[in-house]
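Just so we're on the same page, our numbering is the position in the sequence shown counted from 1, plus 1. Heads up, the beta-carbon is just placed ideally off N, CA and C, and yes, glycines get one too. Remember, predicted model here, so these are calculated numbers, not experimental data.
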Amino acid sequence: MEKTSQIITLSVIIIILIGFGLFKLFPENPYMVDTKSDLASVIQVLPEGFPEDIPVRVSGIKESFSSYYKDVDMQTFFVSYVTTENRADLYDEYKEYLASNDFEVLEETDTPIYIYAKNVYGDIKIKIEEQKSEILVKINYSKK
2 MEKTSQIITL SVIIIILIGF GLFKLFPENP YMVDTKSDLA SVIQVLPEGF PEDIPVRVSG
62 IKESFSSYYK DVDMQTFFVS YVTTENRADL YDEYKEYLAS NDFEVLEETD TPIYIYAKNV
122 YGDIKIKIEE QKSEILVKIN YSKK
């Protein structure tokens with residue numbers, strides 16, 4: 002009986018050592034997001050099809066992606082970026098962009114700055130908010 006318990010104990014120790022060794026060799030799960038790296042250094046481009054005339058600070062991009070909804074034939078885009086620019090200046094820039102591209106502003110708030118607007122080509126939601134010492138800008142654009 003003592004020999005059986007020694008074999009079991011030795012087997013458990015070997016399994017633990019193999020598991021520890023594999024963890025050291027492959028410390029990250031390939032399906033997990035690496036939260037240690039700055040996404041801005043990985044993603045420096047706008048999603049394909051994103052209107053090039055929408056003001057974006059490409060050097061500060063944090064997220065950038067698009068989705069296509071076949072059942073309603075609609076393409077959506079999301080871009081977020083950080084900047085140290087003034088919130089009011091960004092607001093003025095986006096308001097000017099919307100006016101010059103025939104967008105009708107349907108909803109607007111001050112804190113955080115939020116603008117929802119539509120034109121014949123689609124709709125756009127812009128949110129400008131302070132986060133620590135930076136300004137975070139989120140843009141959702143849906144193209145018809």
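Note down the Cα distance separating Ala118 from Ile19, rounded to an integer number of angstroms.
58 Å
Contact set for Glu94: own chain, Cβ-Cβ below 8 Å, skip 5 residues either direction
Pro56
Spatial neighbours of Glu130 within its chain, please: CB distance less than 6 Å, with the 5 preceding and 5 following residues excluded, ordered by chain position.
Pro113, Leu137
Around the C-beta of Asp39, are 16 or more other C-beta atoms found within 10 angstroms, so that it is buried, or is it exposed?
Since pLDDT at Asp39 reaches only 47, below the 50 mark, its modelled position is unreliable, and the value read off the structure follows with that caveat. Counting Cβ neighbours within 10 Å, Asp39 comes out exposed, since fewer than 16 surround it.
Once you ignore the five residues that flank Lys145 on each side, which residues in its own chain have a CB closer than 7 Å to its CB?
Met75, Tyr122, Gly123
Cβ neighbours of Tyr82 in the same chain (closer than 7 Å, five flanking residues each side left out):
Val57, Arg58, Gly61, Ile62, Lys63, Val138
Less than 8 Å between the beta carbons of Ile125 and Tyr142, yes or no?
yes
Does Ser60 come out as helix, strand or coil in the three-state DSSP assignment?
helix
Going by DSSP in three states, Ser68 sits in which element: helix, strand or coil?
strand
Inspect the beta-carbon positions of Leu47 and Ser65 and report whether they are closer than 8 Å.
yes
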